[in-house]
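Step one of this worksheet: look at the structure below.
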Amino acid sequence: MMETEPQPERSLAEWITFGIASSILAVVISLVGYMWLNEKDQPPVLSLNQKPVVREIDGKFYVPFEIVNTGGETAESVQIIAELQIADQVVEAGEQQIDFLSDGEKEEGAFIFSQNPRQGKLTMRVASYKVISRKEFTNRGRM
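Residue numbering for the sequence shown follows our numbering, starting at 299 and increasing by one per position.
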């Protein structure tokens with residue numbers, strides 16, 4: 299017959315380490331569950347903001363902007379268009395393409411004009427985007 303040796307009792311340091319590791323694991327599991335339950339299944343909501351400062355460098359006028367996705371899904375191939383009208387005619391136009399904006403992500407950029415935008419009416423808008431579903435976005439990482 300085999301005799302089993304009695305298991306030594308755990309020390310205070312082992313119990314403290316076990317408690318800390320268990321707490322960390324519980325927090326991680328809780329956060330994953332919270333994110334899963336509160337996942338937004340909303341399309342992208344894109345907010346475009348023109349910054350008020352126009353810089354002039356070497357006869358070119360730089361008009362900065364910021365775009366934010368406050369929706370739930372990722373937007374891909376976001377197209378931003380700017381048009382400068384002087385005397386009711388479009389004298390210059392520009393286009394920006396942002397590869398993708400995930401939920402809560404912010405990008406900044408600038409349009410460059412040869413004429414002063416302060417002398418006319420500058421219009422900026424989001425023209426289009428494509429939606430990437432979460433499933434498609436996840437599968438892309440496995441390719």
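Glycine residues also receive a C-beta, built at the ideal position from the N, C-alpha and C atoms.
Owing to the predicted nature of the structure, the values given are computational and were not obtained by experimental measurement.
Tell me, please, which residues DSSP counts as bridged to residue i.
i, result
"P362", "A408"
"F398", "E374"
"V424", "I378"
"S345", "V366"
"V388", "Q383"
"E393", "I379"
"E354", "F359"
Please report the Cβ distance between residue i and residue j, rounded to the nearest whole angstrom; I am assuming they are in contact, meaning their Cβ atoms lie under 8 Å.
i, j, result
"L382", "V389", "6 Å"
"L344", "V424", "5 Å"
"V376", "Y427", "5 Å"
"E371", "P341", "6 Å"
Under the rule that 16 or more other beta-carbon atoms within 10 Å means buried, what is residue i, buried or exposed?
i, result
"L310", "exposed"
"I378", "buried"
"G331", "exposed"
"A373", "buried"
"N367", "buried"
"I318", "exposed"
"G369", "buried"
Quick one: what's got a C-beta closer than 8 Å to residue i's C-beta in the same chain, skipping five residues either side?
i, result
"Q348", "V361, P362, F363, L420 and M422"
Whose C-beta lies closer than 6 Å to the C-beta of residue i among residues of the same chain, with five residues either side of it excluded?
i, result
"G418", "L382, Q383 and I384"
"N414", "F359"
"A380", "G392, F409 and M422"
"Q394", "I378 and G407"
"I396", "V376 and E405"
Between residue i and the rest of its own chain, which residues show a CB-CB distance below 7 Å, the 5 nearest in sequence each way excluded?
i, result
"L346", "F363, I365, I378, M422, R423 and V424"
Q. Which runs of the alpha helix (DSSP H), 4 residues or longer, sit entirely within the stretch 306 to 337?
A. 310 to 335
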